[in-house]
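So the protein sequences, as listed, match chains D and E. For the first sequence, this note's numbering gives the first residue as 1, with consecutive numbering after it. For the second sequence, this note's numbering gives the first residue as 1001, with consecutive numbering after it. C-beta atoms are modelled at their ideal positions from N, C-alpha and C, and glycine is treated no differently. Note sheet for the following structure.
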Amino acid sequence: MTGRRELNLEVSEGLTVGEFHRDLCTRFPRLADYRGSLMYSVNAEYVPADHPLGDGDEVAFIPPVSGGAHAH
Amino acid sequence: MLIRITADPLDSQPLIEHVRRDESGAVALFLGVVRNNNLGRRVLRLEYDAYPQMAEKKLRQIAEEIMSHWPITDIAIAHRTGRLEIGETSLLVVVSAPHRRETFEACQHAVNRIKEIAPIWKKEVWEGGETWLEGKDQTTLQPQ
Chain D
1 MTGRRELNLE VSEGLTVGEF HRDLCTRFPR LADYRGSLMY SVNAEYVPAD
51 HPLGDGDEVA FIPPVSGGAH AH
Chain E
1001 MLIRITADPL DSQPLIEHVR RDESGAVALF LGVVRNNNLG RRVLRLEYDA
1051 YPQMAEKKLR QIAEEIMSHW PITDIAIAHR TGRLEIGETS LLVVVSAPHR
1101 RETFEACQHA VNRIKEIAPI WKKEVWEGGE TWLEGKDQTT LQPQ
């Protein structure tokens, strides 16, 4: 979606993962195509959009997985 | 309990040996296999991609969930990544228990959960294009 598998980015402390996603959509418009269908993970655990980010967090945007209905 | 995500071909025998115990009267084995067609198209191969650290963590969580909900003896889950040809095994789930009923139920539940929450994706390569599969029906087509 961004053309890259991993990125290192500085974000302001307390930014939520949902806000972070919205900011990134501006930089990588293809990310916006997935709005609504992506799930978020922080440090390899699913989190809701209002989860705040902290120092050193590893964030992933997870497209729909291959098997079926989403479970959260 | 054994959890593995690997680009190497999957072999069921070591997993069966891993879960089998003298008190296990039943071992259920599930193989997810690459088939040669989907949605009326002839499929040439599949390519699996994963977020490995998280996928391994989710597979372990599923195995623990199942160990705590069914009276089974042990469970092993292995998922392959990378390029798979028709007929190759992409997923192995092996469950042992004193009796057969629990092995079937636990095995089916494990496969369903893996397809719900494990961050593993498959790209179908067919004649004339390729598609990332999303959910039960694929949506985005990207002709080559």
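Report all residues from its chain with a CB closer than 8 Å to the CB of D/A44; omit the five preceding and five following residues, and keep chain order.
Start at 1 with the first residue of the first sequence, and residue 44 of chain D comes out as number 44. Taken in chain order, the residues that qualify are E58 and A60.
Which chain D residues sit within Cβ distance under 8 Å of E/Q1108?
Taking the second sequence and counting its residues from 1, one reaches residue 1108 of chain E at position 108. Neighbours of E/Q1108 on chain D: none; closest Cβ ~13 Å, over 8 Å.
Once DSSP output is grouped into helix, strand and coil, what is the label at E/T1081?
The residue labelled residue 1081 of chain E in the question sits at position 81 within the second sequence. Reduced to three states, the DSSP call for E/T1081 is coil.
Which ranges would you report for the beta strand (DSSP E) in the stretch 1020-1105 of chain E if only whole runs of at least 3 residues count?
1026-1033, 1041-1050, 1074-1080, 1082-1085 and 1089-1097
Run through chain D and tell me which residues come within less than 8 Å of E/P1119, C-beta to C-beta.
On the second sequence, position 119 is the one that residue 1119 of chain E refers to. By Cβ distance, chain D contributes S41, A60, I62 and V65.
Any beta carbon of chain E sitting closer than 8 Å to that of D/A32?
Within the first sequence, the letter at position 32 stands for residue 32 of chain D. Output row for D/A32: interface = no.
Tell me the DSSP bridge mates of E/K1123?
Working through the second sequence from its first residue, we reach residue 1123 of chain E at position 123. Per DSSP, E/E1047 and E/W1132.
Buried versus exposed call for D/R30 [16 or more other C-beta atoms within 10 Å across all chains shown]
Mapped onto the first sequence, residue 30 of chain D falls at position 30. D/R30 is exposed by the Cβ-count criterion.
So is E/P1071 buried or exposed if we call it buried at 16+ other beta carbons inside 10 Å?
As a first step, residue 1071 of chain E must be located in the second sequence, where it is residue number 71. That one is exposed.
Could you name the residues of chain E that D/A44 contacts, counting a contact when the two beta carbons are closer than 8 Å?
Here the question's residue 44 of chain D lines up with position 44 in the first sequence. By Cβ distance, chain E contributes Y1051, Q1053, M1054 and K1057.
Ends of the alpha helix (DSSP H) at D/T26?
Here residue 26 of chain D refers to the residue found at position 26 of the first sequence. First-last of the alpha helix (DSSP H) with D/T26: V17 to R27.
What is the rounded straight-line gap between the Cα of D/F20 and the Cα of D/R4?
Within the first sequence, the letter at position 20 stands for residue 20 of chain D. Within the first sequence, the letter at position 4 stands for residue 4 of chain D. Looking at the two C-alpha atoms, the distance is approximately 17 Å.
Nearest-angstrom Cα distance between E/K1123 and E/T1131?
Position 123 of the second sequence, counted from the first residue, corresponds to residue 1123 of chain E. Position 131 of the second sequence, counted from the first residue, corresponds to residue 1131 of chain E. For E/K1123 and E/T1131, the distance between alpha carbons rounds to 5 Å.
Name the two residues that bound the continuous beta strand (DSSP E) containing D/V59.
Mapped onto the first sequence, residue 59 of chain D falls at position 59. Here the beta strand (DSSP E) through D/V59 covers V59 to I62.
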